[in-house]
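Undergrad:
Protein chains: 2
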Amino acid sequence: MARTSKARQQVLDAAARIVRERGAAALTFEELATESGVTRGGITYHFPTKDELLRALVDRDHGRWSETLARHCAAAGADPAGPLIAYVRTASTHDPEHRRFVSGMLSAVAHQPELLDGCRALYRAQLPDVAGSEARALDALAVMLAADGLFWMEQLGFLELPAEVRERLVARLESLARAAAAPPSEDSTD
Amino acid sequence: MARTSKARQQVLDAAARIVRERGAAALTFEELATESGVTRGGITYHFPTKDELLRALVDRDHGRWSETLARHCAAAGADPAGPLIAYVRTASTHDPEHRRFVSGMLSAVAHQPELLDGCRALYRAQLPDVAGSEARALDALAVMLAADGLFWMEQLGFLELPAEVRERLVARLESLARAAAAPPSEDSTD
DNA sequence: AAATGGATACAGAACGTTCTGTACAAGAAT
DNA sequence: ATTCTTGTACAGAACGTTCTGTATCCATTT
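Below, the structure written as structure tokens:
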């Protein structure tokens, strides 16, 4: 089963396009055939079952997300708050198309949660160590969650910020990230 | 069309149960018939189309959520950070069943976003005024978003905190909410 | 008061469509 | 010529909707 077949790439590209433009419900084999130019026979040859198609889609996007995060991490250099800021920047990237894709994929694989295990591992690797419940660790976690919340609330159409306000919010989150990563001053609450 | 019919209530209850226990994909008329005890004819009498069923489900839950939020608001009294803390408490309430219901409904109505307009209005009414991009307003928004992020990341299985850490996180969010609502001290960043 | 007509509320079966998975034949490539 | 790839057709199942039938209740009429 050639991993680099041209038809296979076309199918994956078309699948991603369908998901982000028309949602996961529109991702049927027939739509996929007309959209990709590959016939159903070719599609089922490369992806015998729909699960495998979804798996390949998740893997592809997981890989890209991981690369983006790594790029932002590298750009942050040795900044102690680097990883957290990189996460904020990655998650808050204002890309409605990609957001729709992520949201569509999540509802597509809602009944096969194990497909997201790789993504979960990647996410958890970004989490600060909150075992001790130090205030600064909790703040770092809160910043991560705020970035996640921004992503989802915008995706759901619940939040629509003017561009400049949005930029200031992200900047504020980065500032909070830096504060949470600052050298311990031991003046935490309780 | 009686709004208070017994069969109608049974159908709605069964629908909510199905969505939160088995997801939106399991919400079919047949499953609904066996689960509610009302036959398909009775179901289609009260809900001629599936859209209307979903609309009724959203309305019902929207009403309940609104009530919960109002209760938390009332409990917060005249606290200047009251509404924000009430939102944090409402959103961060650890109720996996209701979370699954919300998540399932969102994927069920993914293709009729207008069904959520009521929920959007309710959400936006909770938003702090960020028009001026003051640091404190941005902090208040960040707290809201962190509560939202907590909700979604837990729902997606990406985040699983030990109970005591989770409690401290929520407490920390409330503390940040209070700080964001504190009388202006004009020592903000930039 | 009894009878009647119609609207309301529900039951049960069936239809047409859509989707996934599979089978099989034909063409291209090595 | 054998293997890889694609095209076509179909089976089986599931889903939303529609259709017809039936029982119950209330208002009106006689």
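Chains A and B, in that order, give the protein sequences.
Using our numbering, the first residue of the first sequence is number -6, and each one after it goes up by one.
Using our numbering, the first residue of the second sequence is number -6, and each one after it goes up by one.
Every residue gets a Cβ at the ideal spot worked out from N, C-alpha and C, and that includes glycine.
So Asp44(A) and Gln105(A) are in contact, right, with Cβ under 8 Å, and what is the actual spacing, rounded?
TA: Right, their Cβ atoms sit about 7 Å apart.
Undergrad: With 9 Å as the threshold, decide whether the Cβ of Ala135(B) is near any Cβ in chain A.
TA: Closer than 9 Å: yes.
Undergrad: Which residues in the same chain as Arg171(B) place their Cβ atom closer than 7 Å to its Cβ, once the five residues preceding and following it in sequence are excluded?
TA: Here the set comprises Ala74.
Undergrad: Would you tell me roughly how many angstroms separate the C-alpha atoms of Thr21(B) and Glu90(B), rounded to the nearest one?
TA: Approximately 20 Å, taken between the alpha carbons.
Undergrad: Does Asp180(B) come within less than 9 Å of chain A when only Cβ atoms are used?
TA: Model confidence at Asp180(B) stands at a pLDDT of 47, short of 50, so the residue's coordinates are unreliable; what they give is reported in the following sentence. Not one chain A Cβ lies under 9 Å of Asp180(B).
Undergrad: Where does His87(B) sit, in a helix, a strand or coil, going by DSSP?
TA: DSSP places His87(B) in coil when its eight states are reduced to three.
Undergrad: Hey, out of Ser126(A), Ala175(A) and Val12(A), whose CA is closest to Asp154(B)'s CA?
TA: Checking the sequence, you will find Leu at residue 154(B) rather than Asp. The candidate whose alpha carbon is nearest that of Leu154(B) is Ser126(A).
Undergrad: Is the Cβ of Tyr80(A) closer than 9 Å to any Cβ of chain B?
TA: Judged by the 9 Å Cβ criterion, Tyr80(A) is not in contact with chain B.
Undergrad: Using a Cβ cut-off of 7 Å, which residues of the region 4 to 24 of chain B contact any Cβ in chain A, in chain order?
TA: Flagged, chain order: Gly16 and Ala18.
Undergrad: For a contact defined as C-beta to C-beta under 8 Å, what are the partners of His104(B) on chain A?
TA: Near His104(B) (Cβ distances below 8 Å), the residues of chain A are Gly16 and Ala18.
Undergrad: Where do the ends of the alpha helix (DSSP H) carrying Asp54(B) lie?
TA: Looking at the DSSP string, the run of the alpha helix (DSSP H) that includes Asp54(B) is Lys43 to Ala69.
Undergrad: Since Ala101(A) contacts Ala17(A) with CB under 8 Å, what's their CB separation in whole angstroms?
TA: Confirmed, about 4 Å.
Undergrad: In whole angstroms, what separates the C-alpha of Val123(B) from that of Leu50(B)?
TA: The alpha-carbon atoms of Val123(B) and Leu50(B) are separated by roughly 32 Å.
Undergrad: Would a check of beta-carbon distances place Glu157(B) closer than 9 Å to chain A?
TA: Yes, because at least one Cβ of chain A sits closer than 9 Å to the Cβ of Glu157(B).
Undergrad: Would Asp141(A) count as contacting chain B if we go by Cβ distances under 9 Å?
TA: By this cut-off, Asp141(A) is an interface position.
Undergrad: Please report the straight-line C-alpha distance between Asp141(A) and Leu108(A), rounded to a whole angstrom.
TA: Using only the alpha carbons, I get a separation of about 20 Å.
Undergrad: Taking contact to mean 3 or more Cβ pairs, one atom from each stretch, closer than 8 Å, check whether the region 29 to 42 of chain A and the region 63 to 81 of chain A are in contact.
TA: Too few Cβ pairs lie closer than 8 Å, so no.
Undergrad: Let me know if Asp132(B) comes out buried or exposed under the rule of 16 or more other beta-carbons within 10 Å of its beta-carbon.
TA: Buried, since its Cβ has 16 or more Cβ neighbours within 10 Å.
Undergrad: With distances taken Cα to Cα, identify the nearest neighbour of Gly111(A) among Trp145(A), Asp54(A) and Thr61(A).
TA: Comparing Cα positions, the closest option is Asp54(A).
Undergrad: Between Arg48(A) and chain B, is the shortest Cβ-Cβ distance under 9 Å, so that the two count as touching?
TA: Not an interface residue.
Undergrad: Is there a Cβ from chain A that is less than 9 Å from the Cβ of Arg113(B)?
TA: It does; some Cβ of chain A falls within 9 Å.
Undergrad: Once DSSP output is grouped into helix, strand and coil, what is the label at Val123(B)?
TA: Three-state DSSP puts Val123(B) in coil, outside helix and strand.
Undergrad: Assuming Leu143(B) contacts Ser85(B) under a Cβ cut-off of 8 Å, what Cβ separation, rounded to an integer in Å, is found between them?
TA: Contact holds; Cβ gap of about 6 Å.
Undergrad: Quick one: is Arg57(B) buried, meaning 16 or more other Cβ sit within 10 Å of its Cβ, or exposed?
TA: Exposed is the call here.
Undergrad: Only counting the same chain, and skipping five residues up and downstream in sequence, which positions put a Cβ closer than 8 Å to that of Asp180(B)?
TA: Its pLDDT being 47, under 50, Asp180(B) is placed unreliably by the model, and the measurement read from it follows with that caveat. Excluding sequence neighbours, Asp180(B) sits near nothing in its chain.
Undergrad: Under 7 Å Cβ to Cβ from Ala130(B), same chain only, skipping five residues before and after it: list those, please.
TA: The residues are Pro121, Asp122 and Val123.
Undergrad: Would you tell me roughly how many angstroms separate the C-alpha atoms of Arg149(A) and Ala128(A), rounded to the nearest one?
TA: In the sequence as displayed, the identity of residue 149(A) is Leu instead of Arg. Each residue's Cα considered, the two are about 30 Å apart.
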